[in-house]
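Below: one structure, written as structure tokens.
Have a look at this one:
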């Protein structure tokens, strides 16, 4: 088995014609991997992704083959088909938050999509929008307009990426809303399989790739109670002796515990299954 790539949170191994995607308990903020793991985080990301893949099986093929992986990775890894990954981060936004909010405040738009004037933090958008970004190997991703996606992938593929991203977001947001959760935005990844079929890859609607808000506490105009790693970002933003570069700071035990609790809670809330 050969290590192909080690990302901030995941490792990808080649195993014959398959790849094995392993999710660790590492956590990153501002593109910096912090030295303190969050117990069970990788397994929760993996199991929640598998649950979502099943919800979208009729919308788009996915890369999952099985959970047949080496014993040491059981529960936190997926055996997948090799894909030619599309070099675009496919982002759907239903609410204004994070870097999307910052872009809107600077230009009135996100990824070239003009938004109505006067919106405030966490406002629900008139309709979900496709706001793609670059897929940077190093440094930060940057928002790009749809036209750039079309130049990169071809017009037909770009349109398919947009439609799939918005379709997956719409269904996911509806499922979550029924369970008292708002999905503010999400980031998806796609690739082409050996037959040239556009395929959903990586992780899907997890606390690492999405913003999950508690619907009962939703109030535009302020930061929202969040199930995702925003809790760690908020803690790190209070630090006056860290400049958001390597090495990252140790995460206090209480922040680790609360982060794990929120990851477990969003898994149980969405799937209806107890985390064991």
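Numbering (the UniProt record's numbering), first residue to last: 1 to 276. C-beta: ideal position from N, C-alpha, C; glycine also.
- Task: Provide the residue(s) that pair with residue 213 in DSSP beta bridges, ordered along the chain.
- Result: 182, 226
- Are the stretch 71-90 and the stretch 4-21 touching by the rule of at least three beta carbon pairs closer than 8 Å? yes
- residue 146 (DSSP reduced to helix, strand or coil): helix
- Check residue 251 in the structure and name its three-state DSSP category. coil
- Item | Range of the contiguous alpha helix (DSSP H) that encloses residue 49 | 41-55
- Item | Cβ contact (3+ pairs, closer than 8 Å) linking the stretch 261-270 and the stretch 33-48 | yes
- Pair within 8 Å by beta-carbon distance, residue 226 and residue 244: no
- Going by the CB atoms, is the gap between residue 83 and residue 234 shorter than 8 Å? no
- Buried or exposed (CB count within 10 angstroms, at least 16 for buried), residue 185: buried
- Task: Using the Cα positions of residue 216 and residue 178, report the straight-line distance between them to the nearest angstrom.
- Result: 12 Å
- Item | Same chain, Cβ closer than 7 Å to residue 250, neighbours up to 5 away in sequence not counted | 35, 36
- Residues near residue 222 by beta carbon distance below 8 Å, same chain, minus five either side: 121, 122
- Item | Cβ shell of residue 282 (< 6 Å), same chain only, five flanking positions each side left out | Shown here, the chain extends from 1 to 276; a query on residue 282 therefore has no answer.
- Would you call the stretch 88-103 and the stretch 139-158 touching, i.e. three or more CB-CB distances under 8 Å? yes
- Task: Starting from residue 96, follow the beta strand (DSSP E) in both directions and report where the run begins and ends.
- Result: Premise fails: residue 96 is in no beta strand (DSSP E) and is neither H nor E.
- Task: Look at residue 60 and residue 164 and say whether their C-beta atoms are less than 8 Å apart.
- Result: yes
- Message: Quick check: what's the CA-CA separation for residue 13 versus residue 24?
- Response: 13 Å
- Task: Locate the beta strand (DSSP E) running through residue 126, then write down its first and last residues.
- Result: 124-130
- Query: Distance, Cα to Cα, residue 16 vs residue 4?
  - Reply: 12 Å
- Residues bridged to residue 199 (per DSSP): 191
- Message: What would DSSP say about residue 156, mapped onto helix, strand or coil?
- Response: helix
- Query: Thinking just about the alpha-carbon of each residue, which of 29, 33, 57, 30 is nearest to the one in residue 199?
  - Reply: 57
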